[in-house]
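These protein sequence lines are chains A and B, in that order. In terms of the working numbering, the first sequence is residues 53 to 695. In terms of the working numbering, the second sequence is residues -15 to 321. Written below as structure tokens is the structure these notes are about.
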Amino acid sequence: MIFSPRGIIAAALGALSFVGSLHAQPSFEGSLPSREVIEDSAERRAAYLARIDEVNDWHIDLASSPGSEVKLTFSTISMLLQRGEQIERCNRRMLELMDPEMVRSGPFWMFPVVIAAHAGRDVLSAEASASIREAFRFKRQLRGDTENHWMMYYVSLYLMSELYPNEPGESWYTGKSSEENLAETRGWLIDWMDITTSIGQGEYNATHYVSEYAIPMLMLATYSSDPEMKQRGKMVLDWLFAELANVTLEGVLRGPNSRVGDTAVVERGRTSASFLAWLLFGNTPPQPAHGGWPVYFATMAKHYHVPEVIYRLATDRSEDILQRDRARTRRYWRYSDQHMPPIYKTQYLRNDYAVGSHQGRISDPIQSHVWDVTWREDDPRGKHPTMFSLHPHDSGKVMQMFFAAYPDSVTGGLLAAGKPSYVEPDKLVGSSPYEKVFQDLDTVIALYDIPAGTDHERVNGFFSKDLRDLIEHESGWIFARGGDAYLAYRPLADYSWTPHLIYRGVPATPGQGYSYERDPTGSQVLVSPHAKNGTILQAASVAEFASYEAFQQAMIALPLEFSLEPTPTVTMTTLRGKQVSVTFGEAPIVDGTPLDYTQWKLFEGTHLNAEIGGRKLTITHGQLQRVLDFNTLTISDTVTSGK
Amino acid sequence: MTPLKTFLTLITLMASTTFSTAAPEYDFYICAKVNRDYVIGSKVETVNGVFQRTDEGAWVHQGYNDTTLTAVAFDPRDRNVIYTSANNGLWRSLDGGKHWRICNDWDMTEARHVAVDPNAPDHVYLSLPDGIAVSTDRAQTLVRRENGLPERGKYTQLVTIDRTQAGRAFAGCEVGIYLTENGADSWRRVLETTDIVNDIQQSPHDPDHWLATTQSAGAWSSRDGGLTWSPIEGVPRAHSLYNVTFDMTNPDRLAIGSWGLGVLTSEDGGKTWQDRNTGLPEPQRVWRVGVDPSGRLYASVHTQTLFYSDDFGRTWQPDTLKGSLVNYFVTMPKSKQ
């Protein structure tokens, strides 16, 4: 049973942040970035390069400070090697890191080393380079058990095998020759691209793990000597960043998310996605210490920049965006008739807020996030600009669907593996088979039908400390203001309030995994301890109503009927005038027509469009269009007439 | 004596009624994960993988340090040919562990078990979360052989080979036990279960006697070579039954390892079962049980250590390998190499 160590990097970041606190980090600690759209492409590129330099400068400076005990990491080594600075120090440190006692196993060790190997291929000493090569002989590398693991593993092994071609199996830990390694790694990578561009990404819209895809693809685009793989890397980067740009709200990625952590699900701006948005688009602050793993993206970032059409998607919210897109679950090994069933995502973004959801099913067993409304905060740092509900479900048998593990012990290991909340009743991440969600524009209806005996028979709703003017109205609606959005939340069963407690990593006994303490944040959790349950959410812009009271009256006046027995069901008219009827387990009905998800395309909406099985994405903004065609491995840019 | 003759001698002995105790002619191995909190990317590393027990009772690590080994198998003709199933798939060494090769391509992962057909030793069976792969050339090539397995429900925890007939094997899958009698060219279900089959074992005393354990569908017994199966009434279904073992020194002695039930033993061939957890740590979370060639019973207790009993579970003593989880016990004829 293996999990990715988000907690590991959190602990490392904690230390780095402390050291960094002695060291100003301009974009994180300084004023907000200008959100003015940079029209001139040369100026955009210059601003992008300046942000890259800021990352590199900060980390190099941190590792070079007089008296600093910080040793060079692979990322800093890569930065220095690319600049041609402190080469002898890099050589010495590399030899230390390649000592057999220091060499680790797994994709999170592999990719930083491979970046350093390629960055230093012409400047590292022969001895230092040979030490890296030797580590790939003697140390068995684990492939892992999730797609992001395999992505990092296969790109790393691919690029090392390209760097050292025509070498026999005895010289690789795999026992395979360089050419056999290339064939295997290339096979997986192309298969992943085929699947992703045909039926969608498995780890879609991930707040942190987006970097575990972006970094390997940038590695391919930067270092591969095969023009095809280099092109594929560039195209996947465009694919990933087009979606990131399209579904972020001023650089803040909101739900739904295949993967999200306990902090990022509420502090929506503190994610790797925000770091990438800052770096690529310049429209939000980065994370403290640049977030850890994403720093590796910055080491290579000069070899890529987003095309203008993607930049415009990220920075223009002058018109509403509506996307209906497909993704897929993580693969189901067992206990299901389907292998990677579809996820149907609805994304509705406006200037002041965004509402997103998927239909409700187990997507990732631990860290998925099904729906939310997130509002725009001028400064997202430290803010909890979001509202949502969920069934806090945990199940050893559900974990078995995804992992080759036993049900009895699999959940107990999650705390030590950096996933502390999985079995907790007040958790705020995770998906459930007993939650079904319907969204139309900025209306969400989430229904819950939780069998008796299930962990846990309750629904949690998140209410931010940053909400203003919260009113528990006698009508049953809870009204609040978030930024320039009005929010109406309707719990369909009785509830009470508990403080929201965040997880804070604390030092643990070496070798015993991770430990956490919990601190109140000021936010609240609405707890509705009823197995048959539901939430209705409606959002609107402040500018749409004459007053807060007018919004409330409009909501109260909406026709609404609901019942929870025997099956939760809601019939209502939305604020946007849609007649909707939603019953748990049945197709939602909108204006008399059942919603047929099977007809949904891979991407269909304002800016992104693609057919299922098409392997081709069309990205559009205004007169700009880019087509990524994986059938022909071509990138086509067109500008339509403005007339 | 050649390794093959040694192996055939073992088969003959297994078919007899009783073994002498403390038989020194066998090697005893385990696959163990010692650093229990390892996760991908972790800096926590200790020694894991295959351990061989010395005649003095110590455990000596063999080959690679791999946290993810689920099983080990040897070519009965040549102990230098070693197979391990692991996270990356199937690893093979042809030189006694000096060099290893990943035998599978990218489309096989997280292998659950590996087995070698003793009567066709070039044939290797790899159990996977999405089916079964077989090699007929000592794992130089691996191909899927799943004809007869369901499209869904073929999560395969292990394949156990019938030592009496080449190409005859049982697969423990999500929805039952499947039998092949033609080297995995085709499979047919011989037992339908409501949950995954965790273990299938053949008696060393009677090759027609088989036992199987499941996650939540109880324990099962067959007396006709695995063609028909009956539930073992004395074993509760309420808890996961991780594995079952025979005692090669005594045909009446059986043991089951369970999460929740701990160690259950029978000393009357499975008619009655006893709780044998006195002296083991609470709660009763036994990952695997095993019996060595001398009849010593082992229990790997989750997050604790390996325990052993010389009175078949009445009293227990801690062994070494603190923090270990033993995934697999293997007894082989003592290597002459």
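Using N, Cα and C, we set each Cβ at its ideal position, and we do this for glycine too. These numbers come from a predicted model, not from an experiment.
Taking a beta-carbon distance threshold of 8 angstroms, Tyr292 (chain B) does not count as an interface residue toward chain A.
With respect to the 8 angstroms criterion, Trp171 (chain B) and Gly210 (chain B) are not classified as neighbours on the basis of their beta carbons. Under the rule that a run must span 3 or more residues, the beta strand (DSSP E) segments found entirely inside the stretch 251 to 309 of chain B read 270 to 275, 281 to 285 and 290 to 293. Taking 8 angstroms as the CB threshold, Thr299 (chain B) stays off the interface with chain A. A direct Cα-to-Cα measurement between Pro337 (chain A) and Val89 (chain A) gives close to 16 angstroms. Residues of the stretch 190 to 204 of chain A with a C-beta atom less than 7 angstroms from some C-beta of chain B are Arg192, Leu194, Arg195, Gly196, Asp197 and His201, listed in chain order. Residues of the same chain with a CB within less than 6 angstroms of the CB of Val475 (chain A), apart from the 5 flanking positions on each side, are Asp446 and Thr463 in chain order. Exclusion of the five residues before and after Lys630 (chain A) leaves Asp492, Leu493, Thr495, Val642 and Asp643 as the residues of its chain whose Cβ lies within less than 8 angstroms of its Cβ.
With a beta-carbon spacing of about 24 angstroms, Trp652 (chain A) and Arg369 (chain A) fall beyond the 8 angstroms limit used to define contacts. The DSSP-derived three-state label of Thr587 (chain A) is strand. With a threshold of 8 angstroms between beta carbons, Ser224 (chain B) makes contact with chain A.
Just so you know, the alpha carbons of Glu231 (chain A) and Gly115 (chain B) end up roughly 28 angstroms apart. Within the same chain, and ignoring the five residues on either side of Pro444 (chain A) in sequence, the residues whose Cβ sits closer than 6 angstroms to its Cβ are Pro477, Lys479, His508 and Asn512. Across the structure, Val450 (chain A) and Pro417 (chain A) are spaced so that their CA atoms are roughly 7 angstroms apart.
Residue state for Met607 (chain A) is assigned as helix, using DSSP reduced to three classes. For Ser633 (chain A) against Thr623 (chain A), the beta-carbon gap comes to about 4 angstroms, under 8 angstroms, which counts as contact. Closest in alpha carbon position to Arg533 (chain A), among A:Trp549, A:Thr626 and A:His436, is A:His436. Judged by DSSP in its simplified three-state form, His111 (chain A) adopts helix. The criterion of a C-beta distance shorter than 8 angstroms is not satisfied by Ile251 (chain A) and Ile530 (chain A). Residues are counted here when their Cβ sits less than 7 angstroms from a Cβ of chain A; for the stretch 75 to 92 of chain B these are His83, Trp84, Arg85, Ile86, Asp89 and Trp90, given in chain order. The bridge partners DSSP lists for Thr686 (chain A) are A:Asp681. Within 9 angstroms of the CB of Thr226 (chain A), the CB atoms of chain B belong to Asn72, Trp84, Arg85 and Ile86, in sequence order along the chain. When CB distances to chain B are screened at a threshold of 8 angstroms, the residues of the stretch 384 to 397 of chain A falling below it are Trp385, Arg386, Tyr387, Ser388, Asp389, Gln390 and His391, in chain order. Secondary structure at Trp224 (chain A): coil, using DSSP grouped into helix, strand and coil. Of A:Val299, A:Thr315, A:Gly412 and A:His342, the smallest CA-CA separation from Arg428 (chain A) is found for A:Val299. Between Thr625 (chain A) and Phe614 (chain A), the gap from beta carbon to beta carbon reaches 8 angstroms or more. Near chain B, meaning a CB-to-CB distance below 9 angstroms, the residues of the stretch 453 to 468 of chain A are Phe455, Ala456, Tyr458, Pro459, Asp460, Ser461, Gly464, Gly465 and Ala468. If you ignore the 5 residues before and after Val358 (chain A), its C-beta comes within less than 6 angstroms of the C-beta of Phe293 and Leu332, all in its own chain and listed in chain order. For Phe160 (chain A), the enclosing alpha helix (DSSP H) has its first and last residue at Pro159 to Ala171. Per DSSP, the unbroken beta strand (DSSP E) holding Ala239 (chain B) starts and ends at Asn234 to Trp243. The beta carbon of Pro113 (chain B) falls within 8 angstroms of a beta carbon belonging to chain A, placing the residue at that interface.
Put simply, the backbone Cα of His107 (chain B) is about 28 angstroms away from that of Val44 (chain B). Relative to the Cα of Gly81 (chain B), the nearest Cα in the group B:Asp50, B:Asp91, B:Ser111 and B:Met92 belongs to B:Asp50. One alpha carbon belongs to Leu245 (chain B), the other to Ser69 (chain B), and they sit about 27 angstroms apart. The beta carbon of Glu236 (chain A) falls within 8 angstroms of a beta carbon belonging to chain B, placing the residue at that interface.
Along the stretch 235 to 258 of chain A, going in chain order, the ones with a CB nearer than 7 angstroms to a CB of chain B are Glu236, Gly239 and Trp240.
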